[in-house]
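J.:
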Amino acid sequence: MFHRQLFEEILRLNVNNRDPADAMAAGAVEASFKCLAPALIVLTESGRSAHLVSRYRPRAPIIAVTRNDQTARQAHLYRGIFPVLCKDPAHSSWAEDVDLRVNLGMNVGKARGFFKSGDLVIVLTGWRPGSGYTNTMRVVPVP
1 MFHRQLFEEI
11 LRLNVNNRDP
21 ADAMAAGAVE
31 ASFKCLAPAL
41 IVLTESGRSA
51 HLVSRYRPRA
61 PIIAVTRNDQ
71 TARQAHLYRG
81 IFPVLCKDPA
91 HSSWAEDVDL
101 RVNLGMNVGK
111 ARGFFKSGDL
121 VIVLTGWRPG
131 SGYTNTMRVV
141 PVP
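Numbering (the UniProt record's numbering), first residue to last: 1 to 143.
(1) So what does MET137 bridge to, in DSSP terms?
(2) Take LEU49 as the anchor and find which of ARG79, LEU124 and ARG138 has the nearest alpha-carbon.
(3) So within the UniProt domain "Pyruvate kinase C-terminal" (22-140), which uninterrupted beta strand (DSSP E) runs reach at least 3 residues, ignoring any that extend past its ends?
(4) Pop quiz: LEU43 and VAL65 are said to be a contact at Cβ under 8 Å. What is the actual Cβ separation, rounded to whole angstroms?
(5) What are the start and end residues of the alpha helix (DSSP H) that includes PHE7?
(6) Applying the criterion that 16 or more other CB atoms from any shown protein chain within 10 Å of the CB defines a buried residue, is LEU77 buried or exposed?
(7) Determine the DSSP secondary structure at PRO20, reduced to helix, strand or coil.
(8) Compute the Euclidean distance between the alpha carbons of VAL142 and ASP99, then round it to the nearest angstrom.
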């Protein structure tokens, strides 16, 4: 499949979309093509961030880390999403909680053979707890 051409065509058709979450999803997929990232890790409560990334058809799998059972089940319905249910309790510190879930996504990705140590992965997170705040994209080396 010609993932890059398909991505550009979908982007061209969505030119009037002004949703910031959609812009983050498109930017993450673009970064995954440029970095040749073997996976994208998305921290999501409702699943919407992972669904938006899936819309742009990245060539890499999307590891959606969530604490919501229903979100994890519904993620199976979208192309390329591999849901990971985080059963650890939330930390009181938001930064520590984000790090815990990103590390969980990386551990699962390595265990499943999506990537190995030293690879670069794209990580999408929010700036505060709750649904609808995804606005941070990082390119992170796998430890």
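We put the CB at the ideal spot given by N, CA and C, even for glycine.
T.: To lay it out plainly:
(1) LEU124
(2) Reading off the sequence, residue 49 comes out as Ser, not Leu. With distances taken between Cα atoms, SER49 lies closest to LEU124.
(3) 40-43, 62-66, 81-85 and 120-126
(4) 5 Å
(5) 3-13
(6) exposed
(7) helix
(8) 13 Å
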